[in-house]
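Numbering (this note's numbering), first residue to last: 256 to 533.
The beta carbon of each residue, even a glycine, is placed where N, CA and C say it ideally should be.
Remember, predicted model here, so these are calculated numbers, not experimental data.
Laid out in C-alpha cells, this is it:
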C-alpha cells in the first residue's frame, strides 16, 4: 500500500516565481509631476533674488520691484490695454499671413510653374527682416494698426509658406500613383493625398510663425506705437525704469506661452489624426 504521507505529483503546490522572472516595476517619471514646473520657477526666483542683491536695482531689479510694477500697471489698467493691443496685432497678422501662405505653399510645392514664378521673390524678400520695412509701412499705411499688422503678415507668410511648400514637395509619388490607380481624379488626389500629406509641415510652419510674430510686433511697437507691450518696454527704457522693462519681458513670455498652449489645443485633433508631434 502506498505511503499516504507522500504527496501526489499532480497535487504539488506551484512554486513561487523566481525573483528574476518577476516583471520589474516601471520607474516613476518625475518629469510628469506637476510639482516640477513649480520647483523650477521657485528656484529661478531665488536665483534672481540672489543675483539682484549682488548688483544695483537699475541693472537688475529684484522680483519684488517687478511685482510692484505689475501691481501699479494692473491697477490703473494700462498693462491690460498694452496686452490687448499686442495680442490683436499679433493674432490678426499671424492669421492673415498663414491663410495667404498655406494655399500658395501647396501650389508652389506641386506645380513647377508656380514655384518658378514665386521663387525669385521668395528668395529675395525672405532675407529682409521686417524691421527694415517699418518706416516704409508707416509712410504707406500711416501710424495706425494697418502698418503694424502688415509687418506681422509679412513675417508669418514666409515661414509658413516655406514649410508648407517643403511638405507639398515631399509627398511620396507612390501614394499619388496608388490613388490614381484606384481611379482617383486630380481633385481627389489633391485634397485626399497631397493636402493631408502636407499637414505636418503646415502645423510646424504656423507654430514657428507665431513665435516670429511676437518678435515682429515688439520691433514695430518700439518705433510707431502708443500702446502695446513693446511700447511699454520702449517707454520704460527712456526713463530708466528697469523694473517695467523686466515686466514687459515677462509679460511677453506669458503671452507667448498662453497663445502657444491655446494653439496646441486647437491643433490637437489634427495632430492626432495625422500623427504630428506638438
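- Its chain contains 444 and 448 as the residues whose beta carbon lies nearer than 6 Å to that of residue 434, once the 5 sequence neighbours on both sides are disregarded; these appear in chain order.
- Straight-line measurement puts the Cα of residue 317 at about 10 Å from the Cα of residue 302.
- Put simply, of 477, 377 and 402 the residue whose alpha carbon is nearest the alpha carbon of residue 414 is 377.
- Take the alpha-carbon of residue 360 and the one of residue 322: they are about 45 Å apart.
- When the Cα atoms are used, residue 459 and residue 311 turn out to be separated by approximately 42 Å.
- Between the beta-carbon of residue 467 and that of residue 410 there is about 5 Å, and that keeps the pair under the 8 Å contact cut.
- Listed in chain order, the alpha helix (DSSP H) elements of length 4 or more contained wholly in the stretch 361-404 are 367-380 and 389-396.
- Cβ neighbours of residue 430 within its own chain (closer than 6 Å, five residues either side excluded): 448.
- Here the C-alpha atom of residue 315 lies approximately 24 Å from the C-alpha atom of residue 469.
- By the Cβ neighbour-count rule, residue 295 is exposed, with fewer than 16 other Cβ atoms within 10 Å of its own.
- The residues 483, 485 and 486, in chain order, have a CB closer than 6 Å to that of residue 476 in the same chain once the five nearest residues on each side in sequence are set aside.
- Here DSSP, grouped into helix, strand and coil, assigns residue 525 to helix.
- Taking the Cα positions, residue 387 is about 16 Å away from residue 412.
- Of the candidates 336, 454, 381 and 499, 499 places its Cα closest to the Cα of residue 319.
- With respect to the C-alpha of residue 407, the residue from 363, 348, 369 and 438 having the closest C-alpha is 348.
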